[in-house]
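Heads up: the structure comes next, in structure tokens.
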Amino acid sequence: MATLKSFACVLAALAAVGSAVPADHHQKRQQAPEAGFYVPSYYPAPYGGWVDDWKESYAKAKALVDRMTLAEKTNITGGTGIYMGRCNGNTGSALRVNFPQLCLNDAANGIRQTDNVTVFPNAITAGATFDKKLIYERGAAIGKEGRGKGVNIWLGPSVGPLGRKPKGGRNWEGFGSDPVLQGYGAYETIRGVQDQGVIATIKHLIGNEQEMYRMYNPFQYAYSANIDDRTLHEVYLWPFAEAVRAGVGAAMTAYNAVNGSASSHNPYLINGLLKDELGFQGFVMSDWISHMSGVASAIAGLDMDMPGDTQIPLFGSSFWMYELTRSTLNGSVPMDRLNDMATRIVAAWYKMGQDEGFPAVNFDTNSKTREAPLYPGAWPNSPTGVVNEFVQVQADHDVVARQVAQDGLTLLKNEDNLLPSPHRDPSSSSAPAQPPTPTAPTHAPIETVDYMYIDDPISAFRRRTDDVTFYNTDRFPSSARQQSEDDVAFVFITSDAGENSYTVEGNHGDRDASRLFAWHDGDRLVQDVAARYSNVVVVANTVGPLVLEAWHDLPSVKAVLIAHLPGQEGGESLTGVLYGDVSPNGHLPYSITFAEDDMPESVTRLIDSAFFNQPQDTYTEGLYIDYKWLNKAGIKARYAFGHGLSYTTFNYTATIEKVTQLTRTPPPRAPKEGILEYDQPIPAAAEAVAPAGFQMIWRLIYSWLSESDAQNAIRDGQTRQYPYPPGYTTTQREGPRAGGGEGGNPALYDTAYTLSVTVTNSGSEHSGKASVQAYLQFPEGIEYETPIIQLRDFEKTGELAPGESQTVQINLRRKDISVWDVVLQDWVVPEVDGAYKVWLGAASDDLSAVCHVDGLTCESNVAGPI
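Numbers -20 to -1, 1 to 846, taken from mature numbering (1 follows the signal peptide of the UniProt record, and there is no 0), label the letters of the sequence shown in order.
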């Protein structure tokens, strides 16, 4: 396992110049963040515009930016301040050249804090579908609603956190605890959103795997995620590469540090990995109130400061806007860097076609009334006006929302074939009645979507039968009616999580108090119900894995379902499965263990204290998270990654074909071509000064300087030299050998092998959909240690009647059968045409077919590798 000290390219560490935190925070130090982990110098920020798909947008953007004044350029790269506009984030504008203020808005499951929208299932539910097409449709519906509301930039999807820590507070915003599942989830979501003309945002770069102590403040460093080079590439950076390959228009940095340097001004992450190696062409923004430096973040590659304020957002202060204007006038931020920032933002705007016919913002996240203050943060001095026009954007999106909720529903256990039970009437249902929703108080404000209605399970039951008794309680009711042998008790339990800003029932965003157990004493509730009823079905609305052992094996607990976070359509999506209208076809996007400590301490332990020191979160488990760790350690899961039962059974047969003859390393990357000229002289001070007589609004952040400040900035640049960090240069690099296109060297995504997998419904009673999961096993004896198996692709069949078959295609790309070589700094195929095995089946521990790369043969009905 290599650490960053093994980089062949390391020349020097980043110094914290122009930073609001102590300088030694960014330098290579004797003992911090951890021996061997530090951030190599990587300058300058690479220009965008050299990728063919973006060249036209960049040409238009460059022409527009060339017409902007200095203050207009700095205005569009920063936010106007928290609560100083109608959206979660609001950029400045350049109206003189017809570039508008941009609206940035959450949430993870739709469009946040507005009316007439759909509450979609969260990404963890979408991941559980293992259905790329459905994930795309969810993204497209969110994009349509965002466009209809005038949202230029949707702040999703999230692939960081990846789900490394089972108790992590925001794992549910991502698609599951595997980089390939996360990668395809991000890829399809981004395509869906951006096909509607809305800019998607991949976040959070990188290592934001828990909520507590992730944020800097004047008294405390954020934790440092210490990640070795190979683990970074093969696990945590993998889904970001897929997002860039999809053409994502924006990226967001994380709050935490990585290898000792804060993400918002980490030059290796932003300049080196994201912009150069992955070829990212869009713009990089800070997470909200995470921006903590002026020059340092600019030269490290940050392009947009959100929401514009400093970390204590009280008085309209900023590290950018007017300060970026000052830094450009005095020469500490080169003009080419500012021009590249502005051009990246405008290019993404052009790329999505937002220059023509894009709706204006018609809602206000701060108010539900038609008229309200235009700048609530300036109260009581804000002007008022129309802020909500109540535009209907839901269309028929309830259909895709219901489909995702239904197809993500995962059946773990079904003894005695209790389900489906259309001949039974559910006669008892224990609390809580409705699933936990994104408006639960532990979820952050940026993740909330307002419910126009909710289809709850109890109402859905009552649409099917009159014989339903509902107990809305966390305790077994003393008034419970006398049960009969035909009664079925449905017990709904929850486990929630959210952001560190909120403490709910002792949980500080992460599940630090509840751990992996049900909230509201749900385990006790199941035990009590199981003691009274012969047929118990447990439905868990949960943000992630639970420990089920308190009640799982009780004789009357016949069935267990994971419904995750189904959004507004949690009722019919559930009863449709319970009554057998459809077979369950969701699969776990993580493993459920018998005990918390079945996973390594490095992922089960949450950082829970830090007194003036920077907490260290070192990824000692390396590549081995979730099922990869369990397999390596020989620990059996209660339910393994990918597990999910159906009402029917499926057989898998396959053939394999070579498509591309591989070499040990990819062919050389193409050079960057068609790069535009971003350099220009520092403009006159007049370009930084507000028009005469302009009336400013208190607390709104502006990009203008006073005339005296502008003149002083120019004089400072003539007499003082900014203390740039070691290794700093303004000479553009050719780019790393692993780069060359969006997502890296385009050859990494060449299809090496295709597998045609025929799935047959071998049951006799029920139709159903099958998830074909493909796991790669590297050849024995290679020079690199690898997990026993790793997910590499998946496909979902359509609804198959008994006896019906469908053939789906599984692809293995060059990258899928490669490892990251830390010395070569490139992807390497360890054994060309070697004895790779591709295991196929319904779960990571249910693999009944295998294809051999070396002989291009496949076998069925075999024992799996685990």
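Heads up, the beta-carbon is just placed ideally off N, CA and C, and yes, glycines get one too.
Closest by CA to residue i, which one among the options?
| i | options | result |
| --- | --- | --- |
| residue 835 | 636, 452, 662, 43 | 636 |
| residue 768 | 713, 818, 590, 296 | 818 |
| residue 548 | 432, 527, 540, 328 | 432 |
| residue 151 | 494, 476, 655 | 476 |
| residue 463 | 513, 44, 137, 360 | 513 |
| residue 736 | 369, 707, 838, 325 | 838 |
| residue 577 | 502, 531, 613 | 613 |
| residue 765 | 727, 682, 608, 628 | 608 |
| residue 853 | 319, 310, 84 | Outside the modelled stretch of the chain, which goes from -20 to 846, sits residue 853, for which no answer is possible. |
| residue 799 | 756, 791, 385 | 756 |
| residue 99 | 381, 439, 498, 667 | 381 |
| residue 210 | 827, 17, 139, 649 | 17 |
| residue 722 | 545, 652, 673, 581 | 652 |
| residue 261 | 328, 712, 207, 770 | 328 |
| residue 175 | 573, 77, 324, 332 | 332 |
| residue 848 | 234, 219, 235, 236 | An answer regarding residue 848 cannot be provided, because it is not within the stretch -20 to 846 covered by the chain. |
Check the C-beta distance from residue i over to residue j and give it rounded, since I have them as a contact under 8 Å.
| i | j | result |
| --- | --- | --- |
| residue 203 | residue 662 | About 39 Å; that fails the 8 Å criterion. |
| residue 301 | residue 281 | Their Cβ separation, rounded to whole angstroms, is 18 Å, which puts residue 301 and residue 281 out of contact at 8 Å. |
| residue 165 | residue 103 | 6 Å |
| residue 223 | residue 182 | 4 Å |
| residue 733 | residue 225 | With a Cβ gap of about 19 Å, residue 733 and residue 225 do not count as contacting. |
| residue 665 | residue 701 | Between residue 701 and residue 665 the Cβ distance is about 20 Å, and since that is not below 8 Å, they are no contact. |
| residue 258 | residue 221 | 5 Å |
| residue 185 | residue 254 | 6 Å |
| residue 788 | residue 830 | So it is not a contact: roughly 17 Å between Cβ atoms. |
| residue 774 | residue 155 | Not a contact, Cβ separation roughly 11 Å. |
| residue 623 | residue 751 | Wrong, their Cβ atoms sit about 10 Å apart, outside the cutoff. |
| residue 644 | residue 808 | 6 Å |
Run through DSSP, which three-state label would residue i get?
| i | result |
| --- | --- |
| residue 353 | strand |
| residue 425 | Reliability fails at residue 425, whose pLDDT of 29 lies under 50, so the model's placement of it is uncertain and the value that follows must be treated cautiously. Note: residue 425 maps to helix in three-state DSSP. |
| residue 728 | helix |
| residue 538 | strand |
| residue 858 | No information on residue 858 is available, as it lies outside the stretch -20 to 846 that the chain covers here. |
| residue 318 | helix |
| residue 671 | coil |
| residue 829 | strand |
| residue 784 | coil |
| residue 251 | helix |
| residue 31 | coil |
| residue 133 | strand |
| residue 554 | helix |
| residue 526 | coil |
Spatial neighbours of residue i within its chain, please: CB distance less than 8 Å, with the 5 preceding and 5 following residues excluded, ordered by chain position.
| i | result |
| --- | --- |
| residue 299 | -1, 271, 272, 273, 274, 277, 285, 290 |
| residue 398 | 468, 515, 517, 538, 539 |
| residue 815 | 759, 760, 832, 833, 834 |
| residue 124 | 176, 373, 375, 377 |
To which residues of the same chain is residue i closer than 7 Å at the C-beta, ignoring the five residues directly before and after it?
| i | result |
| --- | --- |
| residue 411 | Bear in mind that the predicted position of residue 411 carries a pLDDT of just 37, short of 50, making it unreliable; the figure below should be weighed with that in mind. So the qualifying residues of the chain are 451, 452, 453, 454, 472. |
| residue 168 | 112, 115, 116, 119 |
| residue 326 | 41, 44, 45, 79 |
| residue 435 | 548, 549, 550, 551, 552 |
| residue 444 | 555, 559 |
| residue 324 | 28, 262, 263, 283 |
Any heavy atom of the ligand GDP within a distance shorter than 7 Å of the CB on residue i?
| i | result |
| --- | --- |
| residue 40 | As for the ligand GDP, it is missing from this structure, which has no ligand bound. |
Using a Cβ-Cβ cut-off of 6 Å (strictly less than) and excluding sequence neighbours within five positions of residue i, which residues of its own chain qualify?
| i | result |
| --- | --- |
| residue 2 | Interpretation of residue 2 is limited by its pLDDT of 30, a score under 50 that renders its predicted location unreliable; no figure is taken from the coordinates. |
| residue 22 | 247, 248, 251, 252 |
| residue 157 | 143, 570, 606 |
| residue 11 | With a pLDDT of 40 at residue 11, under the threshold of 50, the predicted position of this residue should be treated as unreliable, and no value is reported. |
| residue 824 | 607, 620, 621, 622 |
Say whether the segment 589 to 605 touches the segment 544 to 554, bearing in mind that this needs 3 or more beta-carbon pairs closer than 8 Å, one atom from each stretch. no
Flag this pair as touching only if the segment 712 to 730 and the segment 692 to 701 have three or more C-beta atom pairs under 8 Å; answer yes or no. no
Taking 8 Å as the threshold, find out whether the segment 581 to 600 comes into contact with the segment 140 to 148 through three or more Cβ pairs. For the pair of segments examined, the segment 581 to 600 was found to touch the segment 140 to 148: the number of CB pairs separated by less than 8 Å reaches three.
How about the segment 201 to 220 and the segment 66 to 79: do they share at least three Cβ pairs that are nearer than 8 Å? no
When you compare the segment 744 to 756 with the segment 773 to 782, are there three or more beta-carbon pairs, one atom per stretch, that lie closer than 8 Å? The segment 744 to 756 makes contact with the segment 773 to 782, as at least three CB pairs between them are under 8 Å.
Any contact of the segment 192 to 208 with the segment 342 to 360, i.e. 3+ C-beta pairs under 8 Å? Contact fails: fewer than three Cβ-Cβ distances are below 8 Å.
Within 8 Å, do at least three Cβ pairs link the segment 374 to 385 to the segment 527 to 535? Counting C-beta pairs closer than 8 Å gives fewer than three between the segment 527 to 535 and the segment 374 to 385, which falls short of the contact rule.
Given 8 Å, three or more beta-carbon pairs between the segment 480 to 488 and the segment 503 to 513: no
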